[in-house]
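Here's the structure, in structure tokens; my notes come after.
Residue numbers (our numbering), protein chains in the order written: chain G, 433 to 947; chain B, 433 to 947.
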């Protein structure tokens, strides 16, 4: 058994069941080892951003780390932006990064030599470089342990090629993973008391407590105490829609957030940080907690947030279930042009239960949500770190976790172009993913932001940097070029027909929705 | 004048004439400032890898830095792999990276907050974060100075949004850039003496001395002394073909290099590092300088390498021009299937003079070169850092430097998929670039490397990770989807007709050459 085989067996024994890879020469022994480990699946992606985004989507749906397989420093570099998103979303990922053999690393003139520890360290919570083949298995157990530390970490193991090809002894047994910390009963009691003090209160939820058990407990608390339930604009996964308590989304823009939070006297943080704006703007606040509003913490992100909510509900004697969302069946929009609101309405009408919705829809997003939040129950996975383009890669990873669930990836045209290679993996793996590209032929968010940041007297060079009209991207051809069936919808009628068809059939599909 | 305006004017006054950008909100003031600076052009790219690769291509053709405009830490992350290539090729690039306003940076919970200095520092030779709007102009002059330090550096300026939007005073004047160091005459004399000592000698050339003046001087030296002229397999720019002295390419694989260098008793390094293999392999050497062969240094990369070659030629009394390449017009290949050799032959027959050839053709490359090196004179820009996919992005930058020259980007199908978004910028800017994708439906280099690294007993999971057949990429549709005219050639006759047509017309064009 060589080092790579000892590593693949160790990862699999430690519960890593899938490897998203874009390998090169230095990873060949790892790739060869996949065939000797039936517990691990290998999924090829054509770009490292897809690898990282897929691992993020997989983690959001399972709570478990996938492995990524990346090719030296530059390969890791291509994964950084979506690893950043995963890290911001507190998702576990195990990165395996091949590097030059230790014997080769003394030659900086080798083209692929790099400061690999600096590149990998820039976005990793845990980082280690294997020193010898005999230590690789132990390192493999440790990287999984590090990734699974609550609430989820980016853990990176740099694997020099000779530590992969030299002889090793045996796989290493899994290392224990600490359960998320239990919130102290004194904290529960303190928050319970605060919820009875008559102040206008909101619970701000983040992370795994936004899945159904946490949302149910939060709903009971809200029902009993009158507290509002909030989630950040960008949240890794929210289970919502029919049959679940509604958690309100904090708006995107500073002035909207201020209005939204106005009057709150206390905010209880459940795995969440105090709300701040996405960007700073001249003469606008970044800190948006109302003046005088107290911030209380029920649970930190590495604690059992759902358990804390359940304990809090019990402490309040909140026996009644929360008010739940009744599905609103929006009217079918009149025949006419498409916009975000009528796309959302059509989706909310026609979506089956239990969709996984990967959302990177930027300016379209707000319009879409008006109907979707009262639609059928679904898991909603949103861009968490601001590195756009991850809807389709996340959908790859999410779809592999749940072959019986329909996955929808929705993005803008600008954002879709960062990681379009995900479509090829959808075709290769026959994933049941419908990708919707809302094509407004612009980086439209920047047209909005340009005014908001106070930039004035915009000339043609400036406006050209925000515009995608010349030439217009043809997402139908782009999708077909990667083996994905595709169609274009320019009217509500066309979109409804195409979306209905996509919901009824299985397999990868793209709809370019021209808005 | 705000900080961004002071920066744009300063960059332009310092000789930065073009900005390749993929901006976001934090870069809006910089973008707005472009309209007030007629000396700077803005070019929009749809992915940061294209931004970095274009800046690399621009630098290789001009010796000058372009600016890149990147969006916070994740945006820089997406540029790392091609910045790595540029750095390995010693190219100057000025990166302007927007970041959160300083006032916002105390909120780690903001989605786009990151360890931006770590991300940028991992591949930058020079790095600074602006502290206030009034200092931005001075920082701008310094970042250009740093980038232009010989032989060319990756210089990165992090621009917090408030330092861009707050009031500044004025642009800063350009700072002096030291000319490359002059090689001491004692060194010239020592090498001249070595070239007369009767030992079997090669000159190994790197960097700017591989353009015509340096190659001409090297040719005189070779003619006079009998020394061989060599260049590394991956070199940033070589002017070659008809009318120039031939510089031999060191092979890719270790055993081929050993054979190629066999018998050499001294190697004179001209800006080059001693040759090593690209990767290490079990039981093969990384260090390939023959045993007992002496390594002498004529010039370091930051010295005037071309001047040193000219001085050496003069010191040798080398008045005769070197032996120059006479163009070999290969026979038109018989009608039949395409392979790398007959693609190269057709190109060498039909290429006009003065093509800029951006080459990321991986396994096809060796076959192509058999004819191309004896073809019409051209500049050949090769992947320098091993991060594949940069042919098309480099072609974007190169084409913008020379609107009267035909640019050809040639890549494999695997490599083309890393940065296909470059095609859109070619269409938008009406660049005269012909992109050739040699589609072998595989990561073919890995099929070769798998055996060479000693991986055995390959099973179906392993082989699938190297294969691009399922589904087959359709580069004609992919190009058309980005507004680039495209065609597919499956035979020599088809390829010859399409390539001839592409050479005669202007504007972006893609040919998928199925091999």
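By construction, the Cβ of each residue, glycine as well, lies at the ideal position given by its N, Cα and C atoms. Just so you know, these numbers come straight off a predicted model, no measurement behind them.
From which residue to which residue does the beta strand (DSSP E) around residue i run?
i, result
"residue 672/B", "670-672"
"residue 596/B", "That residue, residue 596/B, is in no beta strand (DSSP E); its alpha helix (DSSP H) goes 593-597."
"residue 558/B", "558-561"
"residue 452/G", "450-453"
"residue 689/B", "Careful: residue 689/B lies outside any beta strand (DSSP E), inside the alpha helix (DSSP H) at 686-693."
"residue 919/B", "917-921"
"residue 726/B", "726-731"
Work out the CA separation of residue j and residue i for me, nearest whole Å.
i, j, result
"residue 899/B", "residue 526/B", "38 Å"
"residue 760/B", "residue 802/B", "11 Å"
"residue 823/B", "residue 516/G", "27 Å"
"residue 753/G", "residue 659/G", "14 Å"
"residue 560/G", "residue 458/G", "17 Å"
"residue 676/G", "residue 871/G", "31 Å"
"residue 607/G", "residue 574/G", "7 Å"
"residue 704/G", "residue 519/G", "14 Å"
"residue 947/G", "residue 523/B", "42 Å"
"residue 537/B", "residue 545/B", "7 Å"
"residue 465/G", "residue 445/G", "14 Å"
"residue 928/G", "residue 490/G", "29 Å"
"residue 577/B", "residue 497/B", "10 Å"
"residue 832/B", "residue 863/B", "7 Å"
"residue 798/G", "residue 771/G", "11 Å"
"residue 726/G", "residue 699/G", "6 Å"
Name the chain B residues that come within less than 8 Å of residue i, Cβ to Cβ?
i, result
"residue 551/G", "512, 554 and 555"
"residue 441/G", "Ordered by position in chain B, no residue passes the 8 Å Cβ test against residue 441/G, which lies about 14 Å from the chain."
"residue 907/G", "913"
"residue 967/G", "Shown here, chain G extends from 433 to 947; a query on residue 967/G therefore has no answer."
"residue 532/G", "711 and 712"
"residue 460/G", "878, 881, 882, 885 and 887"
In chain G, which residues lie less than 8 Å from residue i when you measure between Cβ atoms?
i, result
"residue 816/B", "543"
"residue 522/B", "The premise fails here: residue 522/B is roughly 11 Å from chain G at the closest Cβ pair, so nothing lies under 8 Å."
"residue 566/B", "In chain order: nothing, as chain G lies at least about 16 Å away."
Over what stretch of residues does the alpha helix (DSSP H) that includes residue i continue unbroken?
i, result
"residue 881/B", "876-884"
"residue 633/B", "Residue 633/B -> not in any alpha helix (DSSP H); beta strand (DSSP E) instead, spanning 633-637."
"residue 623/B", "617-626"
"residue 698/B", "Run containing residue 698/B: none in the alpha helix (DSSP H); it sits in the beta strand (DSSP E), 698-702."
"residue 510/G", "504-520"
"residue 843/G", "Premise fails: residue 843/G lies in the beta strand (DSSP E), 839-844, not in any alpha helix (DSSP H)."
"residue 461/B", "460-466"
"residue 953/B", "Lying before the first or after the last residue shown, residue 953/B is absent from chain B, which here runs from 433 to 947."
Which bits of chain G does residue i rub up against, with CB to CB less than 7 Å?
i, result
"residue 850/B", "479"
"residue 893/B", "466, 467 and 474"
"residue 463/B", "894 and 897"
"residue 733/B", "Under the 7 Å cutoff, chain G gives no residues; its nearest Cβ is about 11 Å from residue 733/B."
"residue 539/B", "708 and 718"
Who are the neighbours of residue i on chain G, taking C-beta pairs under 9 Å?
i, result
"residue 853/B", "849, 850 and 852"
"residue 455/B", "875, 878, 897 and 898"
"residue 945/B", "Per Cβ cutoff of 9 Å: no residues; residue 945/B is ~16 Å from chain G at best."
Let me check you understand the geometry: is the CB of residue i closer than 7 Å to at least one non-hydrogen atom of the ligand GDP?
i, result
"residue 564/G", "No copy of the ligand GDP occurs in the structure displayed, which carries no ligand at all."
Which chain B residues sit within Cβ distance under 9 Å of residue i?
i, result
"residue 890/G", "463, 464 and 467"
"residue 856/G", "849, 900, 903 and 905"
Chain B partners of residue i, CB-CB under 7 Å?
i, result
"residue 444/G", "The contacting residues do not exist; residue 444/G stays about 13 Å from chain B at best."
"residue 705/G", "541"
Mind listing the chain A neighbours of residue i? Cutoff is C-beta to C-beta under 8 Å, in chain order.
i, result
"residue 535/G", "The structure shown has no chain A; the protein chains it does contain are G and B."
(request) Closer than 7 Å, Cβ to Cβ, to anything on chain G: give me those residues from the region 910-940 of chain B, in chain order. (result) Listed by position along the chain: 910, 912, 913, 914 and 915.
(message) For the region 804-834 of chain G, list every residue whose C-beta sits within 7 Å of some C-beta in chain B, in sequence order.
(response) Identification of residues in the region 804-834 of chain G having a C-beta nearer than 7 Å to some C-beta of chain B yields 816, 817, 818 and 819, given in sequence order.
(message) Counting only Cβ-Cβ distances shorter than 7 Å, please list the residues of the region 859-886 of chain B near chain G, keeping chain order.
(response) Listed by position, the residues of the region 859-886 of chain B near chain G (Cβ gap below 7 Å) are 859, 860, 878, 881, 882, 885 and 886.
(request) Could you list the residues in the region 707-729 of chain G with a C-beta less than 9 Å from some C-beta on chain B, going in chain order? (result) Listed by position along the chain: 707, 708, 709, 710, 711, 712, 713, 714, 718 and 719.
(request) Give the residues from the region 571-604 of chain G that approach chain B closer than 8 Å (Cβ to any Cβ), ordered along the chain. (result) From the region 571-604 of chain G, only 593, 594 and 597 have a Cβ closer than 8 Å to chain B.
(request) Examine the Cβ distances between the region 592-606 of chain G and the region 715-727 of chain B and report whether three or more of them are shorter than 8 Å. (result) Flag = no, the region 592-606 of chain G and the region 715-727 of chain B do not touch.
(request) Quick one: which residues of the region 660-693 of chain G get their C-beta closer than 9 Å to a C-beta of chain B? List them in chain order. (result) With the criterion set as a beta carbon lying under 9 Å from some beta carbon of chain B, the members of the region 660-693 of chain G are 664, 665 and 666, in sequence order.
(request) Using a Cβ-Cβ cut-off of less than 8 Å, give me the residues of the region 640-662 of chain G that come near chain B, in sequence order. (result) Those residues of the region 640-662 of chain G that come within reach of chain B (Cβ to Cβ, closer than 8 Å) do not exist; the list is empty.
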